[in-house]
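Undergrad:
Residue numbers (our numbering), protein chains in the order written: chain F, 6 to 429; chain P, 6 to 429.
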């Protein structure tokens, strides 16, 4: 039987050209975060199915690739449900594995612990253009830092990384889950309904304030509450300073500390950030995951028309594993989106070294071949890149092809030593 | 319910110290092979279950982590066997995925195509010390190069990589599947039994020539054949030149071309290899996989008492996917064993940059914090590594801990500016 040449549905092979860009971007990410004191770590691609199904993953839990039990543990005859058949799953994000990792090893780790994790995750999503079932995630997290130093450093490191990759004129939007909640409380929504309110608010970008108002009412929320809520957003936008307006308007609904914390983050970032991106307070920013407990942020790329990363503070998740909460704050970079943008813009990986090809005629005596290879080894020892390759009959075409791969220098070696001109 | 802190059975979390070594080794590998004209590629962790079960993977096919079908495709009631439940599996090596990749994309790839693939593979082996169910493999392959230029460059690139990582006094053993077969044919073994003979021969290292002889006879092979076979090995060892001895002894059983091909590889490598490793012809070298068709090789590390990599020529595997054979030759580096050896020998990643920690007293006004961060950003822009961290009450202990992480420079910033001595 012939074997299948295609990758499995929804996953993709990565060709040399894209791979060079991916390796370059990974290198910039690792180098930049290293300068901020982050250390790389890794967790397995497979996690216990219980951990993956613990409601930390939201909608992603519906998209798990599940792994069949093996050996005696697998019993087809007594299995009634899916869960009787599986014991593991491919991770759908890096957050659940990271928090498990931290919970398992916190005694061996420094405090604060600044982690960089790059790795593949898998989601059984409906295949669509530019979206794959295996993709790289890149998460940067700080554990054990209760102050906003975590948020400040995360935003600075992440934006510096993006800047080094050539991105500019992007926006970092920032908000705080507690501001979201205070605004909802002030408007008279009942606490149980907050998450539903926020899901609708999250559509502001697409459907505008009228659309949000309409959908709130359509979903059974009181029109008085909904209008009060929307008035807040409108007036804040008109105010000279959104945070000051909110402080006055929300009064006791919003703790002063929350507001000042956010202001400090914004001012500290503003003071050093340079002019290649903008930092804005965006009270409509929701971020999907309900595990966030404090500041949340997102990178908006005008070229992409969407988010290229985001994150926030999640101080209550370690406690799910250990029973003891630990402050945690993280950023997830949209690695695949960054690669896509760079590819679309014809990004070229910076020059590494001259590429030389040695074309060796077939039948060159072994002794002569040894000399050619020795010469290649010398050039490589000096840092050069040398491809030793058999000379094709159509040498001109071969050189054209090699030129497309970036080879600029050619040397030819013939059976007849008189023909060999090492400078050709 | 509390979540599980442990990784799944048999898989492991990778802590910062090991990760730094892994990243360093990956970097050396990528850089060295790049100098030989290899380009990185990547394939998904998941492959079609049919491809994984196609008998290319030998014993590994018994160790597949299988992935449950999803949605409507999964039908528990009608499923009778395991294969009714699964459609994919985690790859157990990089060879099957690589050949699939090449078959799928050969029109878009240069010829010869020199590929470097580093990625995780998974095998549901019985957990044991130092052996994990997820581990990194590193494969280097050349497609479309029929001549021994492929073997020569692979051996030189791989040994150079090992040399750069500090390994020396190791051995590269080389043989050819066709020599193995010629010796078996000469001894009168029947062709169907070759693989069984080779499995026993492969134990030579452990049980010695007497053990091999005994086991051959015990397995039903004729004692005359077995003795003739062992005499070959003994006499070859005593001969001045093993290959010349074999040529004379085996006569027509061994094609001259095979012998000369091997000699050319050895002489070309010998001419440039330097003195940090030894290249030896080893007629007892078998290499497990039956897909090899020509030269085979293996790196033997004295410190490890085992192989640290190996490979060979497999000219018939692309044909399994496309119906058309393409010359192929590859090397697989024992990445995990290399990491283990480096860890055991207390390997330190080469110096990257001075590590400085800024200790910031709690309560430092936002404006002052902004200045501290600005100063850190300046140092980072110059290539330095700066950790900005809150000052603990026990500052001395904190510094000791940071020193363990490699921080050599400290600066302290106090609420009271008079106390701040940036040179402390």
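Glycine residues also receive a C-beta, built at the ideal position from the N, C-alpha and C atoms.
#1: Okay, do the region 121–128 of chain P and the region 136–147 of chain P touch, 3+ Cβ pairs below 8 angstroms being the bar?
#2: Is it the case that the Cβ atoms of residue 289 of chain P and residue 346 of chain P are separated by a distance below 9 angstroms?
#3: Since residue 393 of chain F sits in a beta bridge, which residues does DSSP pair it with?
#4: Is residue 304 of chain F helix, strand or coil when you go by DSSP?
#5: Looking only at DSSP bridge pairs, what is residue 333 of chain F linked to?
#6: Mind checking who residue 435 of chain P pairs with in its DSSP beta bridge?
#7: Would you mind working out which of P:388, P:363, P:354, P:328 sits nearest residue 9 of chain F, comparing C-alpha positions?
#8: For residue 146 of chain P versus residue 336 of chain P, is the C-beta distance shorter than 9 angstroms?
#9: Kindly say whether residue 165 of chain P, judged by its beta-carbon, lies nearer than 9 angstroms to any beta-carbon of chain F.
#10: Mind checking if residue 92 of chain F is an interface residue toward chain P, Cβ cutoff 9 angstroms exclusive?
#11: Between the region 386–398 of chain P and chain F, which residues of the former have a C-beta closer than 8 angstroms to a C-beta of the latter?
#12: Is it right to say residue 245 of chain F is buried, meaning 16 or more other beta carbons lie within 10 angstroms of its own, or is it exposed?
#13: Residue 367 of chain F to residue 420 of chain F, Cα distance in whole Å?
#14: On a Cα-Cα basis, can you pick out the residue from F:157, F:50, F:313, F:166 that is closest to residue 32 of chain F?
#15: Just checking: is the beta-carbon of residue 294 of chain F within a distance shorter than 9 angstroms of some beta-carbon in chain P?
#16: Can you round the beta-carbon distance between residue 251 of chain F and residue 204 of chain F to whole angstroms, since I take them to be within the 8 angstroms contact cut?
#17: Please list, in chain order, all residues of the same chain as residue 93 of chain P whose beta carbon is under 8 angstroms from its beta carbon, the five residues on each side excluded.
#18: Tell me residue 5 of chain P's beta-bridge partners as DSSP assigns them.
#19: Using CA coordinates, which residue listed in F:306, F:91, F:400, F:398 is at the minimum distance from residue 168 of chain F?
#20: In the structure shown, what three-state DSSP assignment does residue 71 of chain F receive?
#21: In chain order, what residues of the same chain have a beta carbon less than 8 angstroms from the beta carbon of residue 87 of chain F, not counting five sequence neighbours either side?
#22: One question on the structure: do residue 285 of chain P and residue 182 of chain P come within less than 9 angstroms of each other, judged by their Cβ atoms?
#23: Applying a beta-carbon distance threshold of less than 9 angstroms, which residues of chain F neighbour residue 45 of chain P?
#24: Compare the C-alpha of residue 186 of chain P against each of P:157, P:40, P:152, P:237 and name the closest.
#25: Would you say the region 110–119 of chain P touches the region 145–159 of chain P, given that touching needs at least three Cβ pairs under 8 angstroms?
#26: Is the Cβ-Cβ distance between residue 458 of chain F and residue 395 of chain F less than 9 angstroms?
#27: Quick one: does residue 353 of chain P have its CB under 9 angstroms from some CB of chain F?
#28: Might you give, ordered along the chain, the residues of its own chain that have their beta carbon closer than 6 angstroms to the beta carbon of residue 189 of chain P, omitting 5 neighbours on each side?
#29: What residues are listed by DSSP as bridge partners for residue 178 of chain F?
#30: Given this structure, state the Cα-to-Cα distance separating residue 2 of chain F from residue 173 of chain F, to the nearest angstrom.
#31: Does any residue of chain F have a CB that is nearer than 9 angstroms to the CB of residue 418 of chain P?
#32: Any idea what DSSP makes of residue 27 of chain F, helix, strand or coil?
#33: Flag this pair as touching only if the region 405–423 of chain F and the region 298–305 of chain P have three or more C-beta atom pairs under 8 angstroms; answer yes or no.
#34: Can you confirm whether residue 132 of chain P, when its beta carbon is compared against all beta carbons of chain F, has any partner nearer than 9 angstroms?
#35: Return the residues of the region 282–310 of chain P that lie within a Cβ-Cβ distance of less than 8 angstroms from chain F, sorted by chain order.
#36: Any beta carbon from chain F within less than 9 angstroms of residue 277 of chain P's own beta carbon?
TA: In terms of the structure at hand:
#1: yes
#2: Locating residue 289 of chain P in the second chain gives position 284, counting from the first residue. Locating residue 346 of chain P in the second chain gives position 341, counting from the first residue. In this structure, residue 346 of chain P does not lie closer than 9 angstroms to residue 289 of chain P by Cβ.
#3: Along the first chain, read from residue 1 onward, the residue named residue 393 of chain F stands at position 388. F:363, per the DSSP bridge assignment.
#4: Stepping through the first chain from its first residue, residue 304 of chain F is reached at position 299. Residue 304 of chain F falls in the strand class under three-state DSSP.
#5: Within the first chain, numbered from 1, the residue matching residue 333 of chain F stands at position 328. Residue 333 of chain F is bridged to F:148.
#6: It is not possible to answer for residue 435 of chain P, since the shown part of chain P is limited to 6 through 429.
#7: As a working mapping, residue 9 of chain F is identified with position 4 in the first chain. Residue P:328 is the option with its Cα nearest to residue 9 of chain F.
#8: Position 141 of the second chain, counted from the first residue, corresponds to residue 146 of chain P. Position 331 of the second chain, counted from the first residue, corresponds to residue 336 of chain P. Yes.
#9: Your numbering for residue 165 of chain P matches position 160 in the second chain. Answer yes: the Cβ-Cβ gap between residue 165 of chain P and chain F drops below 9 angstroms somewhere.
#10: Here residue 92 of chain F is taken as the residue at index 87 of the first chain, counted from 1. With 9 angstroms as the cut-off, residue 92 of chain F counts as an interface residue toward chain P.
#11: 388, 389, 390, 391, 392, 393, 394, 395
#12: What you label residue 245 of chain F is simply residue 240 of the first chain in a count that begins at 1. Exposed, by the Cβ-count rule.
#13: For the purposes of this step, residue 367 of chain F is taken as residue 362 along the first chain, with counting starting at 1. For the purposes of this step, residue 420 of chain F is taken as residue 415 along the first chain, with counting starting at 1. If I take the Cα positions, the gap works out to 8 angstroms.
#14: Mapped onto the first chain, residue 32 of chain F falls at position 27. Among F:157, F:50, F:313, F:166, the Cα nearest to that of residue 32 of chain F is on F:166.
#15: Taking the first chain and counting its residues from 1, the one referred to as residue 294 of chain F is at position 289. Not an interface residue.
#16: Here residue 251 of chain F is taken as the residue at index 246 of the first chain, counted from 1. Here residue 204 of chain F is taken as the residue at index 199 of the first chain, counted from 1. In fact, because the Cβ distance is near 21 angstroms, the residues do not count as touching under 8 angstroms.
#17: As a first step, residue 93 of chain P is located in the second chain; it is residue number 88 there, counting from the start. The answer, listed in chain order, is 51, 52, 53, 54, 71, 72.
#18: Only positions 6 to 429 of chain P appear in this structure, which leaves residue 5 of chain P out of reach.
#19: As a working mapping, residue 168 of chain F is identified with position 163 in the first chain. Taking only the C-alpha atoms, the option nearest residue 168 of chain F is F:306.
#20: Here residue 71 of chain F corresponds to residue number 66 of the first chain, with the count starting at 1. Strand.
#21: Position 82 of the first chain holds residue 87 of chain F. Closer than 8 angstroms at Cβ, skipping near neighbours: 71.
#22: Reading the second chain from its first residue, position 280 is the one you call residue 285 of chain P. Reading the second chain from its first residue, position 177 is the one you call residue 182 of chain P. No, the pair does not count as a contact, with Cβ atoms beyond the cut-off.
#23: Counting from 1 along the second chain, the entry for residue 45 of chain P is found at position 40. Near residue 45 of chain P (Cβ distances below 9 angstroms), the residues of chain F are 19, 21, 24, 25, 27, 28.
#24: Along the second chain, one-based indexing puts residue 186 of chain P at 181. For the residues P:157, P:40, P:152, P:237, the minimum Cα distance to residue 186 of chain P belongs to P:237.
#25: yes
#26: With chain F covering 6 to 429 only, the question about residue 458 of chain F has no answer from this structure.
#27: Residue 353 of chain P sits at position 348 when you count from the first residue of the second chain. No, no contact with chain F.
#28: Counting from one through the second chain, the residue named residue 189 of chain P turns up at place 184. Hits under 6 angstroms: 199, 202.
#29: Position 173 of the first chain, counted from the first residue, corresponds to residue 178 of chain F. BP columns for residue 178 of chain F point to F:285, F:303.
#30: The question about residue 2 of chain F has no answer here: the residues shown for chain F are numbered 6 through 429.
#31: Along the second chain, read from residue 1 onward, the residue named residue 418 of chain P stands at position 413. Closer than 9 angstroms: no.
#32: Within the first chain, residue 27 of chain F is the residue found at index 22, counting from 1. Three-state DSSP puts residue 27 of chain F in a helix.
#33: no
#34: The count along the second chain starts at 1 and reaches residue 132 of chain P at position 127. No, because no Cβ of chain F sits closer than 9 angstroms to the Cβ of residue 132 of chain P.
#35: none
#36: Walking along the second chain from the start, residue 277 of chain P turns up at place 272. Closer than 9 angstroms: yes.
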